[in-house]
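Please read the structure below before turning to the comments.
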Amino acid sequence: MKNLLLPRHAEVLTQLARGRALLAFDFDGTLAPIVPARETAALRSSTRALFAQLCRLFPTAVISGRGRGDVRARLASAKVKYVIGNHGLEQGGEPTRGKSSLDAARRCLRELTTRMAGLELEDKGYSLAIHYRGASRKQAARAAIRAALAKLEKPVRTMAGKCVVNVLPLTGAHKGDALLELQARERAELALYVGDDLNDEDVFRLGKPGQLVTVRVGRNPRSAASFFLRSQRDVDGLLERLVGLRTR
Ligand SMILES: [Mg+2]
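Per this note's numbering, numbering through the sequence shown is continuous, rising by one, with the last residue being 276.
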């Protein structure tokens, strides 16, 4: 993993700025800092200004685990070309797939929240998220969630995140599929994807050297991303460089 903002990797950003590139970002922990209450997550004013500029210069996408409407509302001032919600499942327009396959999981998790304090079930239609940030014993909460889901007759896909377990239908698009589709639609020879969490590994694992630049917020040797930014604050530095290179 290499620090994308070091001068010796400047060529990577130059290529993105010169070519036909799609720039895609995760939302929480990437464009917006992680906050204890997820409903208050928002871009810093500096990020908001830079991201709005970036959206005028490049085709951009935000691919988030949040519902599509939720994340779109948080990007209000920027003209983002594509907003994809529910970890790649909610692309807008098409009928809902796999919604009913989550019925049993929804029931079982709702029941768990009545038995265990500090759990909160978020129903995003296409996917569920069970948050345990409020639980006093995080590990026990995670284990209880895992045990409850393991009892389901029909398996579901689970993805751990920061104090959250995401529950998705077993089949359906993930963030990587969504990114490839947008890249093809844009006929972009190069794409950038920046994310910070486990569900972003679906993009990082695509590989595609020379066609996809993968960046993780926060260094993690277990990540499949090629590059990292030291912290979420460095996202501003990245946006600034890309804007600067394109307007030069
Ligand atoms: Mg994230």
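Virtual Cβ for every residue (Gly too), placed ideally from N, Cα, C.
Leaving out five residues before and five after residue i in sequence, what residues of the same chain have Cβ atoms less than 6 Å from its Cβ?
{"i": "A216", "result": "R48, A49 and L50"}
{"i": "F277", "result": "Nothing about residue 277 can be read from this structure; the chain reaches only from 29 to 276."}
{"i": "P61", "result": "Q260"}
Please list the terminal residues of the continuous alpha helix (DSSP H) segment that includes residue i.
{"i": "E268", "result": "D262 to T275"}
{"i": "T42", "result": "A38 to R46"}
{"i": "A253", "result": "First-last for A253: undefined, no H or E at that position."}
{"i": "E148", "result": "No alpha helix (DSSP H) holds E148; the beta strand (DSSP E) holding it covers E148 to D151."}
{"i": "I173", "result": "K166 to A178"}
{"i": "T75", "result": "S73 to L85"}
Which first and last residues belong to the beta strand (DSSP E) in which residue i is found?
{"i": "A52", "result": "A49 to F53"}
{"i": "V222", "result": "L218 to G223"}
{"i": "R134", "result": "Unbroken run through R134 is the alpha helix (DSSP H), D131 to R143; no beta strand (DSSP E)."}
What's the gap between the Cα of residue i and the Cα of residue j?
{"i": "L220", "j": "R143", "result": "43 Å"}
{"i": "L78", "j": "P35", "result": "21 Å"}
{"i": "L71", "j": "Q260", "result": "11 Å"}
{"i": "L82", "j": "H37", "result": "20 Å"}
{"i": "N227", "j": "Y160", "result": "17 Å"}
{"i": "R355", "j": "H115", "result": "This structure cannot speak to residue 355, because the chain is shown only from 29 to 276."}
{"i": "G146", "j": "L234", "result": "36 Å"}
{"i": "V63", "j": "A69", "result": "6 Å"}
{"i": "I158", "j": "R94", "result": "12 Å"}
{"i": "L273", "j": "L41", "result": "8 Å"}
{"i": "E214", "j": "V90", "result": "14 Å"}
{"i": "E229", "j": "Q239", "result": "17 Å"}
Exposed or buried, residue i, counting other C-beta atoms within 10 Å across all chains shown (16 or more means buried)?
{"i": "A212", "result": "exposed"}
{"i": "P123", "result": "Confidence is the limiting factor: at P123 the pLDDT is only 49, short of 50, which leaves the residue's position unreliable, though a coordinate-based value still follows. Its Cβ having fewer than 16 others within 10 Å, P123 is exposed."}
{"i": "P87", "result": "buried"}
{"i": "R250", "result": "exposed"}
{"i": "A104", "result": "exposed"}
{"i": "D131", "result": "exposed"}
{"i": "P183", "result": "exposed"}
{"i": "A65", "result": "exposed"}
Looking only at its chain, what residues have a beta carbon closer than 7 Å to the beta carbon of residue i, apart from the 5 residues adjacent to it on each side?
{"i": "A169", "result": "M144, G146, L147, Y160 and A163"}
{"i": "Q43", "result": "L218"}
{"i": "L149", "result": "L137, R138, T141, L156 and I158"}
Within 5 Å of ligand 1: residues by beta-carbon to any heavy atom: D54, D56, G57, D224 and D225
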